[in-house]
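Respectively, the protein sequence lines represent chains L and B. Going by our numbering, 235 is the number at position 206 of the first sequence; the sequence numbering is gapless. Going by our numbering, 948 is the number at position 467 of the second sequence; the sequence numbering is gapless.
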Amino acid sequence: MRITSNIFYDHISQGLMENLKELDSLSTKISTGKKINKPSDDILGTLKTLDYKLTISQNNQGQQNIIAANNYLNFASTVLTQVSSSISNLKKTILKTDGTSQDQTYYSQLVATLRDSLLDLSNSIYLNTYVFSGTLSDQESYSYDAATHSYLYQGNNQQVSISIGPGNTLNSLNIVGSSPNSTTITPFGYTLAAADTVNLPSGSSAVLTPDILTNPNATTVNVAITDSQANVDNFSFSNVIDVANLISHAWAQEDVDGTALTGSQAQDRLETLSGVLDQFQNQLLTVQGQIGINQAQLNDQKIKLTSNTTAQQNNISNIMDADMDETIVSLQKISTNLNALRAASSKILSQSLFDFLQ
Amino acid sequence: MASQTQLSVVSNNISNAATPGYSREAVVLEVNSPGSKTGMNSAVGQGVMVTGITRRYDALLQNQINLAQQDYGRSNTLSQYLSSIDQLFNEAQDIGLAGPLNDFFNAWQEVANNPQGLTERNLLLQKADILISSAQQLEQGITDSIGHVNTNITSDTDQINDLASRIALLNGQITQMESGSSVASAIQLRDKRDQALKELNNLIETSSWEDPNNGAITVTVGQRNLVSANNTNTLTATYTSSGSYDLKLDGLNITSKISKGEMGGLLTVQENLKTDLHDLRKLVASLTNQVNLQHVQGYDLDGNAGTNFFDPLQLTVVKNAATTSLTATITDNSLLTLDEYAVGFVDDGSGGFNYQITNSATGAVKTSGAYNPAGTTVNLEGIRFVLSGAVTAEDNFTVSPLTSAIQDFERNLTDPRHIAASSGAATIPGNNANALAIADIINTQVSALDSGSLADYYQTLIGQIGGQSKTASDNLTFANNFLNQLTSKRDSISGVNMDEEAADLIRFQRSFQAAARVLDVADKLFQTLLNL
Chain L
30 MRITSNIFYD HISQGLMENL KELDSLSTKI STGKKINKPS DDILGTLKTL DYKLTISQNN
90 QGQQNIIAAN NYLNFASTVL TQVSSSISNL KKTILKTDGT SQDQTYYSQL VATLRDSLLD
150 LSNSIYLNTY VFSGTLSDQE SYSYDAATHS YLYQGNNQQV SISIGPGNTL NSLNIVGSSP
210 NSTTITPFGY TLAAADTVNL PSGSSAVLTP DILTNPNATT VNVAITDSQA NVDNFSFSNV
270 IDVANLISHA WAQEDVDGTA LTGSQAQDRL ETLSGVLDQF QNQLLTVQGQ IGINQAQLND
330 QKIKLTSNTT AQQNNISNIM DADMDETIVS LQKISTNLNA LRAASSKILS QSLFDFLQ
Chain B
482 MASQTQLSVV SNNISNAATP GYSREAVVLE VNSPGSKTGM NSAVGQGVMV TGITRRYDAL
542 LQNQINLAQQ DYGRSNTLSQ YLSSIDQLFN EAQDIGLAGP LNDFFNAWQE VANNPQGLTE
602 RNLLLQKADI LISSAQQLEQ GITDSIGHVN TNITSDTDQI NDLASRIALL NGQITQMESG
662 SSVASAIQLR DKRDQALKEL NNLIETSSWE DPNNGAITVT VGQRNLVSAN NTNTLTATYT
722 SSGSYDLKLD GLNITSKISK GEMGGLLTVQ ENLKTDLHDL RKLVASLTNQ VNLQHVQGYD
782 LDGNAGTNFF DPLQLTVVKN AATTSLTATI TDNSLLTLDE YAVGFVDDGS GGFNYQITNS
842 ATGAVKTSGA YNPAGTTVNL EGIRFVLSGA VTAEDNFTVS PLTSAIQDFE RNLTDPRHIA
902 ASSGAATIPG NNANALAIAD IINTQVSALD SGSLADYYQT LIGQIGGQSK TASDNLTFAN
962 NFLNQLTSKR DSISGVNMDE EAADLIRFQR SFQAAARVLD VADKLFQTLL NL
């Protein structure tokens, strides 16, 4: 093949251009640390990375949701621990009395304080929302109704779900204060599926009958106490605050509307409500247990998400990250090639027969 | 004289060593025959004569270079434009829509975590704004590229016409010169014409052949004559209502026949960019529609039914050629397929017309029926088409829910309280079911997106853009290497080697010196005779 001056120039120019392109590509890899710097560098790799990034983004959001849910459940659990403590104190007042009138007044006031504390606890606020009001979270869970002398649930029994990662949902995150549904255990509303009879130390018996019609959001429990001959007392409650209120007034030997009670009526009420308090403690244990289960699920899910995120990040790293050792060696090789080409070009292009003609 | 001519040719070769398209010239020498001399004189030669000057040239190779130049022109153009779109959607560097899209749907989850929190609601609105501006920037990037392509189509058309005129002019000059005896001059004109033809082939796909009778070449583009002898037809680029260019030569539309050269590349890029733009708009339209459809099912913080989160989709009606009028309105967003429609008319054979609505992309007839000029209403896939007025068979419209999907992509909600996170009016503000449902849209399969999710569809778009760029880049590398090989081959035949020329220079100088010496001896011999 005949070699002409232009062939030299073209080949050298093309060689320089190719080497410089490769040098640019390698220096981009070194400066970004990535071997894929645009989709066309590796289409499949880019698409996989895009998929991994979406998963990581959703995992991260899932972890944020888990943190928020855990904080909520921790708060609810702390409140319910305080509720349990208040109920224990209520129970102690019934067990510790010696029946003197001075004690009765003291315990009436003490229980009233516990009642108010329970009311405050039921209306606990977390992040500007009432925790135990269901989805009606801008309303207090319980408020006193002067007409019925009882504490009414203002919330609903709607459960809230949250997403805890791609395709994973935690149903029933929130703890509703009360529910008419006897299968839903709540911390403040009394759960009673069917009528229950309690034999009292006085020989009387108390029949607790559930009523889900009076209050749409709660199970109202109607209590009828009868001795061997006739009905001697009737009262009702639907939640632990009502119960505390009844106990407080029973200590004062009066009904919640101020109507006087006989000593035996008051004592029967206290005895009846003592068993009810035990049921509330059981309900709290169940709810706390449910919180524990939810937190365990959240923690499990968090570990899974963290592990999955790490795996996806490794995948991205394997696809995207440049092997720096290899890149630097390649860079060195290209630099050497380029320098050799420049030196050779300089020699080739500078020589001509004309230089030797005198 | 022969040596002088040789020295002149060498000098010309050296001068044009770097001239693009120049073919090395050589002097053709011939022994000067003794003519009518007889006897001893007939055995003595009469010296040398120059019979012509030729160029070192391989017509087949030049033709191959012209074809390779067409491929190079196309590949270079494709690579140039598609790599810029590759950079626009550079998800490898987190540039594109994936981040804003994920953030938008994650923000819905934040709202779900605290449905009555105004902070979370405001954050969602901000994320929606970022998503909107990102989508609009991407659309702007593509439309800017399309605009640039359009500008280049018109400027290339002008260049093609200029080159055609130059070739026609050279044809005329070559014919004129080669019909006389000035062969050397025609060689240089042929080089010029070859160079012009090469430049033309870089711009557009051509075929050419030379008339052996007069040396003129005929150049055709799309099977129509662009140059014939010293005549040209003007290539025109006409912008159409569909947003593309039609190339017409000699009165005929040759657009579909142009696939190579820079022009072929530009036409292909235009189609690629239109496809990318269509897909991006479809993605945004689907996002808008899906979010709105779910949002209106919810309730805001005040218990009011949700309104559209984004401004709803609008139809764009383009009247291509019509005396009729068409209004199209969306009646049911849930039925939208996000397809584009072509509305046309077909003669029913009895003096009337039938309307026909087809899917623009597939050409499939979606519905048809008798057309009543007083007013014809057609309900199809959530759209009401109302046609009226006198009609001709040429009348046609295009109806698209996508054209303005990104341009009109704006947030309808301004008040964060109006975000409908709840699924029930009676369960506000803590109900987050609707917010969760919207957050899940990113992974929900949508029939309008070929039963893929928004995330899947976007990934397909990225794959498509990356694939286009990668193919263009690979093709460019191949075309460039092939062209370089052919150019080297041509240079090995037609190129100038300075050492060779230097050697020739010495050779012809010596030849000249020897001839001069002969003259000197002859002169001295003659002087001797005169001095006798």
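Beta carbons: idealized from backbone N, C-alpha and C, even for Gly. Being a predicted model, the structure only gives us computed values, none of them experimental.
Would you mind sorting Gly318 (chain L) into buried or exposed? The rule is 16 or more other CB atoms within 10 Å of its CB. Under this definition Gly318 (chain L) is an exposed residue.
Does DSSP put Ser663 (chain B) in a helix, a strand or coil? The predicted model places Ser663 (chain B) with a pLDDT of 46, which falls under 50 and marks its position as unreliable, so this point remains unresolved.
Is it buried or exposed, Ala540 (chain B), if we count other Cβ atoms within 10 angstroms and call 16 or more buried? The residue in question, Ala540 (chain B), is exposed, as its Cβ has fewer than 16 Cβ neighbours within 10 Å.
Closest by CA to Phe37 (chain L), which one among L:Ser374, L:Ile320, L:Thr248? Checking every option, the nearest Cα to that of Phe37 (chain L) belongs to L:Ser374.
So, at 8 angstroms on beta carbons, what are the nonlocal neighbours of Asn915 (chain B) in its own chain, with the 5 sequence-adjacent residues on each side left out? These residues qualify, in order along the chain: Gln775, His776, Gln778, Gly779, Tyr780, Gly787, Ala901, Ala902, Ser903, Ser904.
Grab the span of the beta strand (DSSP E) containing Met530 (chain B) for me, first residue to last. 529–536 is the span of the beta strand (DSSP E), which, as asked, contains Met530 (chain B).
Kindly indicate which three-state DSSP category Ile821 (chain B) falls into: helix, strand or coil? It is Glu, not Ile, that sits at residue 821 (chain B) in the sequence shown. Coil.
Neighbouring residues, chain B, relative to Ser56 (chain L) (Cβ below 7 angstroms): Neighbours of Ser56 (chain L) on chain B: none; closest Cβ ~16 angstroms, over 7 angstroms.
Between Val867 (chain B) and chain L, is the shortest Cβ-Cβ distance under 8 angstroms, so that the two count as touching? Residue-level contact by beta carbon fails for Val867 (chain B) and chain L, as no gap is shorter than 8 angstroms.
Contact set between Asp80 (chain L) and chain B, taken where Cβ atoms lie within less than 7 angstroms: Going along chain B in sequence order, the residues near Asp80 (chain L) (Cβ under 7 angstroms) are Gln940.
Could you please give the first and the last residue of the uninterrupted beta strand (DSSP E) stretch that includes Val509 (chain B)? DSSP places Val509 (chain B) inside the beta strand (DSSP E), whose first and last residues are 506–512.
Does the segment 756–763 of chain B come close enough to the segment 938–954 of chain B that 3 or more CB-CB pairs lie under 8 angstroms? Yes, they touch.
Starting from the beta carbon of Asn770 (chain B), find every residue of chain L whose beta carbon is closer than 8 angstroms, and list them in chain order. Going along chain L, no residue has its Cβ under 8 angstroms from Asn770 (chain B), so there is no contact; the nearest lies around 21 angstroms.
Cβ neighbour criterion (16 or more within 10 Å) applied to Met30 (chain L): Met30 (chain L) should be labelled exposed.
Just verifying my parser: in three-state terms, what is the DSSP assignment at Val799 (chain B)? Correct three-state label for Val799 (chain B): strand.
Compute every distance between the C-beta of Leu165 (chain L) and the non-hydrogen atoms of the ligand FAD, then say whether any falls below 7 angstroms. With respect to the ligand FAD, the structure offers nothing, as it holds no ligand at all.
Give the range of the beta strand (DSSP E) segment to which Ser840 (chain B) is assigned. According to the sequence displayed, residue 840 (chain B) carries Asn and not Ser. That run of the beta strand (DSSP E) goes 834–840.
Taking only beta-carbon positions, decide if Asp39 (chain L) is within less than 8 angstroms of chain B. Yes, Asp39 (chain L) counts as interfacial toward chain B.
Is it buried or exposed for Val999 (chain B), if we count other Cβ within 10 angstroms and need 16 for buried? By the 10 Å Cβ count, Val999 (chain B) comes out exposed.
Under DSSP, the alpha helix (DSSP H) around Pro501 (chain B) begins and ends at which residues? Boundaries cannot be given for Pro501 (chain B), as no alpha helix (DSSP H) includes it and DSSP labels it neither H nor E.
Cβ-Cβ separation, Arg898 (chain B) to Asp783 (chain B) (assumed contact under 8 angstroms), whole Å: Indeed they touch by this definition, with Cβ atoms about 6 angstroms apart.
Where Gly947 (chain B) meets chain A, residues with beta-carbon distance less than 7 angstroms: Protein chains L and B are contained in the structure displayed, whereas chain A is not.
What in chain B is Cβ-close to Ile36 (chain L), meaning under 7 angstroms? Think of a sphere of 7 angstroms around the beta carbon of Ile36 (chain L): the chain B residues whose beta carbon falls inside it are Ser969, Asp972, Ser973, Gly976, in chain order.
For Glu169 (chain L), three-class secondary structure by DSSP: Reduced to three states, the DSSP call for Glu169 (chain L) is coil.
Does the beta carbon of Thr908 (chain B) sit closer than 8 angstroms to a beta carbon anywhere in chain L? Interface annotation, Thr908 (chain B): in contact with chain L, CB-CB separation under 8 angstroms.
So, for Ser560 (chain B): in the same chain, excluding its five sequence neighbours on each side, which residues have a beta-carbon less than 6 angstroms away from its beta-carbon? Excluding residues within five positions, the ones whose Cβ falls inside 6 angstroms are Ala953, Ser954, Leu957.
Check for me: the alpha helix (DSSP H) holding Ile462 (chain L) runs from which residue to which? Residue 462 (chain L) lies beyond the stretch modelled for chain L, which goes from 30 to 387, so this question has no answer here.
Does the beta carbon of Ala984 (chain B) sit closer than 8 angstroms to a beta carbon anywhere in chain L? Yes, Ala984 (chain B) lies at the interface with chain L (some Cβ there is under 8 angstroms from its Cβ).
Compare the beta carbon distance of Gly703 (chain B) and Leu681 (chain B) with 8 angstroms and say whether it is the shorter of the two. Not in contact: Gly703 (chain B) and Leu681 (chain B) (Cβ atoms no closer than 8 angstroms).
Beta strand (DSSP E) containing Val702 (chain B): first to last residue? Run containing Val702 (chain B): 698–702, per the beta strand (DSSP E) assignment.
Does the pairing of the segment 103–115 of chain L with the segment 147–158 of chain L give three or more beta-carbon distances under 8 angstroms? The way I'd put it, the segment 103–115 of chain L does touch the segment 147–158 of chain L; three or more beta-carbon pairs between them come closer than 8 angstroms.
Which residues share a DSSP beta bridge with Val252 (chain L)? Looking at the DSSP assignment, Val252 (chain L) forms a beta bridge with L:Leu237, L:Phe264.
Buried or exposed: where does Ala960 (chain B) fall if 16 or more other Cβ atoms within 10 Å of its Cβ makes it buried? Classification for Ala960 (chain B): buried.
Taking DSSP as the reference, what is the three-state secondary structure of Ile154 (chain L)? Three-state DSSP puts Ile154 (chain L) in a strand.
Should Glu743 (chain B) go down as buried or exposed, given a rule of 16 or more other Cβ atoms within 10 Å for buried? Label assigned to Glu743 (chain B): buried.
Buried or exposed: Arg555 (chain B), going by 16 or more other Cβ atoms within 10 Å of its Cβ? Within a 10 Å sphere around the beta-carbon of Arg555 (chain B) sit 16 or more other beta-carbons, which makes this residue buried.
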